[in-house]
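**Student:**
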Amino acid sequence: MLEKHLSAYPFARTIMLATAVCALSLPAWSANSGASVQLALSEIKKEELPKAAEPAKPDASQPTGETQTPPPASSDTPGAAPTEPTAEDGAEGAKATNPAMPNAKDGAETPEVQYDLTKLPFPVQKMHQLILEAAKSGNIEALRPLIGSGDDVTMLSLAEVDGDPLAYLKSQAGDPDGQEILAILVDVLESGFVHIDAGTADELYVWPYFFAYPLDKLDAKQKVELFQIVTAGDYDEMKQFGTYVFYRLGITPKGRWRFFVTGD
89 MLEKHLSAYP FARTIMLATA VCALSLPAWS ANSGASVQLA LSEIKKEELP
139 KAAEPAKPDA SQPTGETQTP PPASSDTPGA APTEPTAEDG AEGAKATNPA
189 MPNAKDGAET PEVQYDLTKL PFPVQKMHQL ILEAAKSGNI EALRPLIGSG
239 DDVTMLSLAE VDGDPLAYLK SQAGDPDGQE ILAILVDVLE SGFVHIDAGT
289 ADELYVWPYF FAYPLDKLDA KQKVELFQIV TAGDYDEMKQ FGTYVFYRLG
339 ITPKGRWRFF VTGD
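Numbering-wise, the sequence shown is residues 89 to 352 according to our numbering.
1) Between A192 and P296, how many whole angstroms is the CB-CB distance? I'm expecting something under 8 Å.
2) Can you list, in chain order, the residues of its chain with a C-beta nearer than 7 Å to that of V249? Leave out the 5 residues immediately preceding and following it.
3) Whole angstroms is fine: what's the gap from V282's alpha carbon to D265's?
4) Give the single residue among G226, E325, L218 and L244 whose Cα lies nearest to the Cα of P233.
5) What are the complete beta strand (DSSP E) segments, minimum 3 residues, inside the segment 302-340?
6) Quick check on T198: buried or exposed, where buried means 16 or more other Cβ atoms within 10 Å of its Cβ?
7) If you run the structure through DSSP and keep just helix, strand and coil, what is V349?
8) Return the first residue and the last residue of the beta strand (DSSP E) that V294 is part of.
9) Is the separation between the beta-carbon of L273 and that of A230 shorter than 8 Å?
10) Measure the alpha-carbon distance for V318 versus M189 and round it to whole angstroms.
11) I'd like the list of long-range same chain contacts for E131, defined as Cβ closer than 7 Å, with 5 residues on each side in sequence excluded.
12) Should Y203 go down as buried or exposed, given a rule of 16 or more other Cβ atoms within 10 Å for buried?
13) Please name the residue, chosen from L337, Q328 and K327, that lies closest to V276 on a Cα-to-Cα basis.
14) Taking the continuous alpha helix (DSSP H) assigned at V282, which residues delimit it?
15) Quick one: measure Cβ to Cβ for D352 and V333, integer angstroms, because I've assumed they're closer than 8 Å.
16) Note down the Cα distance separating L254 from G226, rounded to an integer number of angstroms.
17) Three-state secondary structure (DSSP) at M243?
18) Closest to K342 by C-alpha separation, out of E268, E313 and P211, would be which residue?
19) So is A286 buried or exposed if we call it buried at 16+ other beta carbons inside 10 Å?
20) For Q202, which residues does DSSP report across the bridge?
Here it is as structure tokens:
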């Protein structure tokens with residue numbers, strides 16, 4: 089029995105020594121190899137775990153389930169689509185592009201009526217004089233150099249005029265030579281005038297002053313002046329429009345003959 093225990097002792101001691109050597113050499117081998125020791129997930133501290141991305145917080149000012157849309161671009165924003173014009177814009181646009189349109193309505197304020205031609209700027213005085221002299225000559229061709237041509241041609245109709253402007257004026261007269269039109273020119277230029285839109289790009293001196301004078305505010309003397317140009321029947325028709333719609337003539341401060349038209 090003793091021999092059995094003694095014979096087993098060397099073998100057991102050998103096993104114990106081998107186990108001790110392996111236990112002591114493992115940390116040294118791990119440090120020398122540079123490999124990190126893998127730990128179980130349960131052994132890793134919570135602060136060492138990668139943090140999950142936080143979901144985006146909804147905008148508190150925005151109702152749930154709705155998406156934000158950018159505000160509509162204003163007309164002042166570069167690249168913004170133009171706003172739809174209103175009826176008022178259309179009326180203002182027509183007046184801005186056609187200064188010969190009627191300029192007075194019932195109830196409008198009365199402008200200052202002037203008769204003294206010496207108060208006109210010299211270029212306006214000169215053009216007024218030249219047109220009047222041409223009209224009194226009885227020869228409608230005398231108007232040709234005053235009417236001009238191209239983009240600076242005098243407006244003779246609210247619609248586009250095709251062909252020769254003097255031929256158009258003759259077509260509007262009751263006689264073949266256009267002398268009725270010349271007589272109207274004389275009557276218009278010898279009436280009182282108004283100065284409108286002073287200091288703007290639309291500034292004009294216009295004859296007769298009825299162009300910008302409310303018909304419902306004409307006194308007895310002014311009605312006589314009106315009947316020197318139109319008939320009483322014309323006046324009754326104009327009252328339906330609320331404004332003077334017969335021939336009127338405009339000259340710019342620089343002396344350009346801007347228009348001579350009739351109609352509304």
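Backbone N, C-alpha and C fix where the C-beta goes; we use that ideal spot for every residue, glycine too.
**Tutor:** A quick look at the data gives this:
1) In fact, because the Cβ distance is near 11 Å, the residues do not count as touching under 8 Å.
2) Closer than 7 Å at Cβ, skipping near neighbours: Y256.
3) Just so you know, the alpha carbons of V282 and D265 end up roughly 30 Å apart.
4) The residue from G226, E325, L218 and L244 with its alpha-carbon nearest to that of P233 is L218.
5) Correct list: 336-339.
6) With fewer than 16 Cβ atoms within 10 Å of its Cβ, T198 is classed as exposed.
7) If DSSP states are grouped into helix, strand and coil, V349 belongs with the strands.
8) If you look at V294, you'll find it in the beta strand (DSSP E) that goes L292 to W295.
9) Taking 8 Å as the cut-off, the Cβ atoms of L273 and A230 do not count as close.
10) Cα to Cα, V318 sits roughly 18 Å from M189.
11) Model confidence at E131 stands at a pLDDT of 39, short of 50, so the residue's coordinates are unreliable; what they give is reported in the following sentence. Taken in chain order, the list of residues that qualify is empty.
12) Exposed, because fewer than 16 other Cβ atoms sit within 10 Å of the Cβ of Y203.
13) Nearest C-alpha to V276: L337.
14) No alpha helix (DSSP H) contains V282, which is instead part of the beta strand (DSSP E) from V282 to I284.
15) So it is a contact: roughly 4 Å between Cβ atoms.
16) Going from the Cα of L254 to the Cα of G226 covers about 13 Å.
17) Residue state, collapsed to three classes: strand.
18) When only C-alpha atoms are compared, the closest one is P211.
19) Label assigned to A286: exposed.
20) Answer is F281, bridged to Q202.
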